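Here is the structure we will look at.
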Amino acid sequence: MRPGGQPNMQQIMKQAQKMQQQVAQAQAELAEAEVTGTAGGGLVTVVVTGLGEFKSIKIDPKAVDPEDVETLEDLVLAAIHNGSEAVRELTEQKMGPATGGLGGLSLPGF
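The sequence shown begins at 1 in UniProt numbering and counts up by one.
Right, here's the structure in full:
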């Protein structure tokens, strides 16, 4: 801070540029990452990119029972939720350091 409590705009701009680069890097890492969601002890497995795109689903033949389709539906849904949660955690892990700089930035009026 400068005398009088005014923030140094050059310092703020440098910090914002650095944070922008970190966010871009984190987004690139997320785009390349893949996580797996499972349910039923591995009977149903989904693969999800770090951006949340579902790439594949595998269903073990043991999970297929024509008399009990609802259980298979529940397993698929549980695997999708598990994969989505893994993406959320990965996003927090990758984006946290990039956006964590906001906490140290003191802007008047915000």
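Every residue gets a Cβ at the ideal spot worked out from N, C-alpha and C, and that includes glycine. What you are looking at is a predicted structure, and each value in this text was computed from that prediction instead of being measured.
Give the straight-line distance between the Cα atoms of GLU73 and GLN17, rounded to the nearest whole angstrom.
In this structure, the CA atom of GLU73 is about 46 angstroms from the CA atom of GLN17.
With C-beta atoms as the reference, is LEU43 less than 8 angstroms away from LEU30?
Cβ atoms of LEU43 and LEU30: not closer than 8 angstroms.
Within 8 angstroms of any Cβ in chain B, is that where the Cβ of ILE80 sits?
In the structure shown, chain B does not exist; there is a single protein chain.
If you drop the 5 nearest sequence neighbours on each side, which residues of the same chain put their C-beta closer than 6 angstroms to that of SER84?
Closer than 6 angstroms at the Cβ level, and outside the excluded window around SER84, lies no residue.
Which of helix, strand or coil does DSSP assign to GLY83?
It is helical.
Identify, in the order they occur along the chain, each residue of the same chain with its Cβ nearer than 8 angstroms to the Cβ of ASP65, setting aside the five sequence neighbours on each side.
These residues qualify, in order along the chain: THR71, LEU72.
Roughly how many whole angstroms lie between the Cα atoms of GLN25 and ALA98?
Roughly 9 angstroms separates the two Cα atoms.
How close, in whole Å, do the beta carbons of residue 117 and ALA79 come, if the pair is a contact with beta carbons under 8 angstroms?
Because the chain spans 1 through 110 in this model, residue 117 falls outside it and cannot be assessed.
Going along the chain, which residues of its own chain have a beta-carbon closer than 7 angstroms to the beta-carbon of GLY40, five neighbours each way excluded?
Counting only Cβ-Cβ distances below 7 angstroms, and skipping sequence neighbours, we find ALA63, LEU75.
N- and C-terminal bounds of the alpha helix (DSSP H) containing LYS58:
First-last for LYS58: 54–59, but that is the beta strand (DSSP E), not the alpha helix (DSSP H).
Please classify LYS94 as buried or exposed, where buried requires at least 16 other C-beta atoms within 10 Å of its C-beta.
Per the 10 Å Cβ criterion, buried.
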